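Only one structure is covered here, and it is reproduced in the block below.
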Amino acid sequence: MLAASVVGAAVIQVGHSLNAGLQARLDEALAECADAARSEVMLKHFGRSPTREECNEVVGTDSQGQPITRAMQLGVEQHTVALQCAEKKLQELKPGGFSIQPRYRVDPETGKAEYLPREAVETLLRQGRSAELRGTIEPDIVIHEGQPHRVQDGYDYKFPCANTSRTLDWRKYPAGSPHGGKTQGEVYRKALGGQPARVQPHLGVAR
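Take 1 as the starting number for the sequence shown in the UniProt record's numbering and just add one per residue.
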């Protein structure tokens, strides 16, 4: 069962389907942002695509002392650029009808979810209640009917480092996670409804 509700939380409702024309324009725009992000970041660092060896190079450690590879670093940078690009395009295509990296709390037993407003998430963290955010999901982009709990579509950017010719699979949650053994796509579909998409440079949108 979902943990006790927080102020402003709202149970997910599947919104009306997008019409085919708008869906195609959204897909095209977000794919363009993926291409632009890869080009900008790779030009900044290499002026070309990195080799597999360069991708695997350790460039630092995180707050837990875990290694950060160049692939991870480049992925974060590309995500940042792509989401900035996406926000500009979506403001034209669907003003007021999208959210960037919204947070949803998912019941691992039923797969049902509720939207957590950003202010509520910040309050939980400030109050030392981060355990209540365990198992939450944060899609890169959610298209909705004006409120993030009325979901129409979802997108996640995927940025492979060296091999850009194959569509990446959805990430699998590790053992010990509330969603252990399931893929990100499975959890998204159950929680948000519809067919959330992966967006990848050169290959575009995959559902």
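Glycine included, C-beta positions come from ideal geometry on N, C-alpha and C. Model, not experiment: these values are computed from the prediction.
The shortest C-alpha to C-alpha distance from D156 to any of Q13, Q127, A20 and C33 is the one to C33. Contact between I137 and V187 holds: CB atoms are separated by about 6 Å, below the 8 Å threshold.
If the five residues before and after Q152 are omitted, its C-beta is found closer than 6 Å to the C-beta atoms of G15, L18, I143 and H144, all from its own chain and listed in chain order. Non-local beta-carbon contacts of A37 in its own chain, meaning distances under 6 Å to residues more than five positions away in sequence, involve Q78, V81 and A82 in chain order.
Per the Cβ contact rule, the stretch 65–73 is not in contact with the stretch 24–31 (fewer than 3 Cβ pairs under 8 Å).
Taking G97 as the centre and dropping the five residues before and after it, the same chain places the C-beta of I143, H144, E145 and G146 closer than 7 Å to its C-beta, in chain order. Check the Cα spacing between E54 and each of T69, R189 and P196: the tightest is with T69. For R105, the uninterrupted beta strand (DSSP E) run begins and ends at R103 to V106, by DSSP. When the five nearest sequence neighbours on each side are left out, the beta carbons in the same chain lying within less than 6 Å of the beta carbon of Q184 are those of W170 and R171, in order along the chain.
Leaving aside the five residues that flank G60 on each side, the residues in its chain whose CB is nearer than 7 Å to its CB run, in chain order, I68.
Beta-bridge partners of F46 (DSSP): none assigned.
Here H144 is bridged, per DSSP, to V151.
Only exposed fits R118, as fewer than 16 other CB atoms lie within 10 angstroms of its CB.
The closest CA to that of Q91, considering only V76, A71, L203 and R25, is found on R25.
Straight across, the Cα-Cα distance linking P148 with Q73 is about 29 Å. Bounds of any alpha helix (DSSP H) do not take in T164, whose DSSP letter is neither H nor E. The C-beta distance from L168 to Q200 rounds to 6 Å, short enough to meet the 8 Å contact threshold. Boundaries for R189: no beta strand (DSSP E) harbours it, while the alpha helix (DSSP H) harbouring it runs Q184 to L192, taken from the DSSP string. DSSP places R198 outside any alpha helix (DSSP H); the residue lies instead in the beta strand (DSSP E), whose first and last residues are A197 to Q200. For T51, no beta strand (DSSP E) segment is defined, and its DSSP state is neither H nor E.
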